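Input: a single structure, listed below in structure tokens.
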Amino acid sequence: MKPSQTRILIIDDEAQIRRFLRIALETQGYEVIEAASGREGLERFAEQRPQLVLLDLGLPDLDGKKVIEELRSRSNVPVMILSVRSDEAEKVAALDAGANDYVAKPFGAAELSARIRAVLRAHNGHQSSQPVLRVGDLTVDITRREVTAAGRPVKLSKKEFEILHLLTHNAGRVLTHSYILHTLWGPEHEHDTQYLRVYVGQLRAKLQDDPAKPHYIANEPGVGYRMLDHAV
Amino acid sequence: VPKLPATHAAVPAHPIEPAAGASHPAALLLLVWPYAVATGAVAASSALSYILSNWLAPGSLDLVFLTGVLLVAMSQGLWPSLFCSVLSYLAYSYGFVQPLHSFHIDSTQDWLDLAAFMTAAMITGTLAATVRSQLALIRKTAQQNHQLYDFTRGIASAITRGELAALVREHVSATLRCRTCMLFPGAHNRLEFTDDYALSAADEAAAQLCHEELGAPGRRTQLRGDGAWTFVALASQRQALGVLGVQLPSVGTLQDQNLNHLLLAMRDQTVVALERIDLAARMEQTQLLKETERLREALLSSVSHDLRTPLASIIGAATTLRDLGSELRDSQRLDLLDTVIDESSRLNRFVQNLLDMTRIGYGALKPRAAWADLREIAGPAIRSLANAHPGHRVTVETGDNLPQVWTDAVLLERVLFNVLDNAAKYAPASAPITLAIHCEQSQIIVSVDDCGPGIPPDEHEQVFDMFHRVQRGDSAAAGTGMGLAICRGLMQALGGNIRAQAGAAGGTRMILTLPITTELP
């Protein structure tokens, strides 16, 4: 899919933010639709079916989380949160409500573009049907359950492999602690963040990934983990 | 352990107590007076009987004397009435029983009459005197109840411990006619003594002991100090709250059961009031902490939102210019540069507001007044608004002969801009904002009308509270909710004021009043 075919809906009440987003995104070949409020955004979405939604959490009429829920009830369109809030709980709530990723304001044009590409790529799932996932120099062979990092084979336990698989599958996207725990351990372990921390620690050690300068798995404090996608 | 009082020097009789050792001339008169009344009553009865003897048989005249005894008993009590009956007997037997002019009595009939008279007089006197003393007791109790009621009602209005202490002392002093003191514990549960009470060291020790030892429920609650002070512990079920001291002029005062009960009743009421005040103070403290916390959060969230929103646009526009510069058309490049400039000015205004708010908060705002024409001040404010909200139109209506105003033009322009900015934020761009300036007596009145949704009447005052808007959540139009609060702060610094009311056309009308000439506060 070429970017020129991709329509992006911006829902933000700040005219200046919409103005620069429109210029930046149009220059990169996206088609841009704007909405200044949550209700207008939902209308535009119904009319024009964009392939991605950029959503500000602090809207004048509707709570951002409410907008996500409305969108999710109609489609699985990727939603990216734009928010000045640095409140981690707010981000987690938005992600848990169904948002795919977030960018905290203020952000640069390049950072936003990279995130948009990662979200679109993961969503369009051009890797999901493949038996071997590749992110940078990391390969994950799903059928044979084999992992190589920088050409070197890595031996993983069952849970470690599942975590790596989940992160690689969503490469470039942040996954919340509770999402990972819910998916791999079940709903009753959603809050056992300590479990996850231990497993990810082991995983990083085996991948020889330095937590201070991660090459594969980045920590988003208070939110979750992200497989760094160097390709985008 | 404090010393119990040594012997007390002779103390003048307390007015409330019966005058026992009457050596005072007035007290002597008080003592003799009832007997004089009794004597007078007998003289009057004799005179009346003498007149009536022309028509009545002498045997009936004893009724006249009996009435006299009854009246004396009612008005003067038991002993004067007994005195009166003996005297009446003598007068009756001397003046009206045969043989006349002698105390000698002849007939058995007369003896029996006299015996009956004496018996009747004594019984009537005793009964009447009992009624009288009961009546006096009832009156006294009623008066004390009334005092206690006044006391309870009085201290119910006390809001602080100091007020309560003043009221309690006033009432107790008036009731017991003595000096009083009220002491409260400070650090380490030590009572705080002031020089006003001039307590001796022994008294202070006694008060402290009373506070520590007698505060416990079920203990003796009174303790005598050295200088005729008696201390009463003010203790609730849970804690000792302080000590009430009374300096009684005589040892016997508190042995009067009624007064003692009254003092204890007043103590109980005081304890209840003290507990109430304590609780209110603690609740207020909690409330204050909560309020401070809420304001702090509102400030943080508002500053974070209002600083970051323009910054996000600036950084976004600038990085787009840098990263995609070569691919941008000229018009797009200009658009992005406009964003950077507009958002920088918005940031500048916000920082200005923050500074103003801080200066108002610290009282550091010093207006620099000069003669100014309001139309000249409105001009720049309207131009700034056109930059910030290009879609909005402002129409200006001014009366003729507007006088010059002695004011700080810079601060006033900021107020006008904030009010216009607020109107533009809430009102649709299609409807004009009206700015009217006119002169009324010694005031200049500026009103700004918008066609926005209006403010509910009950919020006309609240909109001037700091962060009023933010309290409603992050869902309203952009802004901190500082704008109008700053306007009010600035207008007050300029000696004027600002208020909101419903607009003529359905929106909001902001009214600024400004004195034409005054010394700025």
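Heads up: the sequence lines are chains A and B, in that order.
Position in the first sequence counted from 1, then plus 693, gives you my numbering.
Position in the second sequence counted from 1, then plus 14, gives you my numbering.
All C-beta atoms in this analysis are idealised placements derived from N, C-alpha and C, irrespective of residue type, glycine included.
It should be emphasised that the depicted structure is a prediction, and the values quoted were computed from it without experimental measurement.
Query: Using a Cβ-Cβ cut-off of 7 angstroms, state whether A883/A counts as contacting chain B.; Result: Contrary to the premise, residue 883/A reads as Glu rather than Ala in this sequence. It does not: the Cβ of E883/A has no partner Cβ on chain B nearer than 7 angstroms.
Query: Do D435/B and P381/B come within 7 angstroms of each other at the CB atom, strictly closer than that value?; Result: no
Query: Can you tell me which of the three DSSP states P846/A falls into?; Result: strand
Query: Can you tell me which of the three DSSP states R837/A falls into?; Result: coil
Query: Taking Cβ to Cβ, would you say I856/A is nearer than 7 angstroms to Y888/A?; Result: no
Query: Could you check where the beta strand (DSSP E) with L750/A kicks off and where it finishes?; Result: Counting along the chain, L750/A falls outside any beta strand (DSSP E), and DSSP gives it neither H nor E.
Query: Quick one: using the 10 Å Cβ neighbour count with 16 as the cut-off for buried, is A156/B buried or exposed?; Result: exposed
Query: Using the C-alpha atoms, what's the distance from V145/B back to L62/B?; Result: 27 angstroms
Query: DSSP state of G35/B, grouped into three classes?; Result: Unreliable positioning characterises G35/B in this predicted model, as indicated by a pLDDT of 45, which lies under 50. A coordinate reading is not provided.
Query: Cβ of K798/A less than 7 angstroms from any chain B Cβ?; Result: yes
Query: In whole angstroms, give me the CA-to-CA distance for Q148/B and E298/B.; Result: 49 angstroms
Query: Can you pull the chain B residues whose beta carbon is under 8 angstroms from the beta carbon of A803/A, in chain order?; Result: T333 and D337
Query: How many Å lie between T122/B and T189/B at the Cα?; Result: 58 angstroms
Query: Which residue spans inside the stretch 376-449 of chain B form an unbroken alpha helix (DSSP H) run of at least 4?; Result: 388-402 and 423-440
Query: Tell me the rounded alpha-carbon separation between G734/A and T699/A.; Result: 17 angstroms
Query: Which word fits P799/A, buried or exposed, when buried means at least 16 other C-beta atoms lie within 10 angstroms of its C-beta?; Result: buried
Query: Relative to the alpha-carbon of L430/B, which residue among Q455/B, A445/B, G413/B and I500/B has its alpha-carbon at the smallest distance?; Result: I500/B
Query: Per DSSP, F854/A is paired with what?; Result: Its beta-bridge partners do not exist; DSSP assigns none.
Query: Give the interface partners of I329/B over in chain A, defined as CB-CB distance under 8 angstroms, in chain order.; Result: P799, F800 and G801
Query: Is DSSP giving V916/A helix, strand or coil here?; Result: coil
Query: Quick one: list the residues of chain B neighbouring L714/A, beta-carbon separation under 8 angstroms, in chain order.; Result: G330
Query: For A247/B, which beta-bridge partners are listed by DSSP?; Result: V257/B
Query: R827/A lies in the beta strand (DSSP E); which residues open and close that run?; Result: V825 to V828
Query: In chain order, what residues of the stretch 300-322 of chain B put their CB closer than 8 angstroms to some CB of chain A?; Result: S318, H319 and R322
Query: Along the chain, where does the beta strand (DSSP E) that runs through V867/A open and close?; Result: V867 to T869
Query: Identify the continuous beta strand (DSSP E) that holds R193/B and give its terminal residues.; Result: R193 to L197
Query: Considering only residues of the stretch 492-530 of chain B, which uninterrupted alpha helix (DSSP H) runs meet the minimum length of 4 residues and lie entirely inside it, listed in chain order?; Result: 497-507
Query: Please list the segments of the alpha helix (DSSP H) lying wholly inside the stretch 856-908 of chain A, counting only runs of 4 or more residues, in order along the chain.; Result: 870-878 and 886-900
Query: Exposed or buried, S171/B, counting other C-beta atoms within 10 Å across all chains shown (16 or more means buried)?; Result: exposed
Query: Could you check whether the Cβ of E341/B sits closer than 7 angstroms to any Cβ belonging to chain A?; Result: yes
Query: Please determine, among C465/B, D370/B and M371/B, the residue with the shortest C-alpha to C-alpha distance to V408/B.; Result: C465/B
Query: Report the CB separation of Q895/A from E853/A in whole angstroms; it is logged as a contact under 8 angstroms.; Result: 6 angstroms
Query: Secondary structure at H452/B, three-state DSSP: helix, strand or coil?; Result: strand
Query: In angstroms, rounded to a whole number, what distance separates the CA positions of M280/B and T208/B?; Result: 23 angstroms
Query: Check the Cβ-Cβ distances between T353/B and every residue of chain A, and say whether any is below 7 angstroms.; Result: yes
Query: Counting only Cβ-Cβ distances shorter than 9 angstroms, please list the residues of the stretch 719-744 of chain A near chain B, keeping chain order.; Result: E719, T720 and Q721
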